[in-house]
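A.B. asks: Got a structure for you, written out below as structure tokens; questions coming shortly.
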């Protein structure tokens, strides 16, 4: 959903509007998007945080987490919350430690550069 709004007038796969611009519609009409289990990368695979399948993404998140003195969970939450659609994060966990660590993400406002650095580290391209 985020790719379609960034990859405009490009021939990359992310430029395809597969969601009917729902993210833009919700943002413009004050409808809150809820990011359910946003750390999950597949139905059964688990979370992408600390997962060796995502080395560049985790390296960048860990680097930014160290800068702010928080967990990688907090930075992942801060990344979602920094989006102009003002999404709500539904963690999808009952692990109290993960909830507490993630909640600190609400206290962090990533810079635009940090947000895009994470976006690119996830394998996404910028125009």
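In full-length UniProt numbering, the protein residues as written are 1 to 127.
We put the CB at the ideal spot given by N, CA and C, even for glycine.
Only a predicted model underlies this, so the values are computations on that prediction, with no experimental measurement involved.
For residue 67, count the other beta carbons within 10 Å of its own beta carbon; 16 or more makes it buried, fewer makes it exposed. Which is it?
C.D. replies: Taking the chain shown and counting its residues from 1, the one referred to as residue 67 is at position 67. By the 10 Å Cβ count, residue 67 comes out exposed.
A.B. asks: When you compare the CB of residue 73 with every CB in chain B, is at least one pair closer than 8 angstroms?
C.D. replies: This model lacks chain B altogether; it includes just one protein chain.
A.B. asks: Just how far apart, CA to CA, sit residue 34 and residue 126?
C.D. replies: The sequence position of residue 34 within the chain shown is 34, counting from 1. The sequence position of residue 126 within the chain shown is 126, counting from 1. Cα to Cα, residue 34 sits roughly 25 angstroms from residue 126.
A.B. asks: Within the continuous beta strand (DSSP E) that includes residue 89, where are the two ends?
C.D. replies: The residue labelled residue 89 in the question sits at position 89 within the chain shown. Run containing residue 89: 88 to 90, per the beta strand (DSSP E) assignment.
A.B. asks: So, at 8 angstroms on beta carbons, what are the nonlocal neighbours of residue 47 in its own chain, with the 5 sequence-adjacent residues on each side left out?
C.D. replies: On the chain shown, position 47 is the one that residue 47 refers to. These residues qualify, in order along the chain: 39, 40, 41.
A.B. asks: Which two residues bound the contiguous alpha helix (DSSP H) that contains residue 35?
C.D. replies: Residue 35 sits at position 35 when you count from the first residue of the chain shown. Premise fails: residue 35 lies in the beta strand (DSSP E), 34 to 36, not in any alpha helix (DSSP H).
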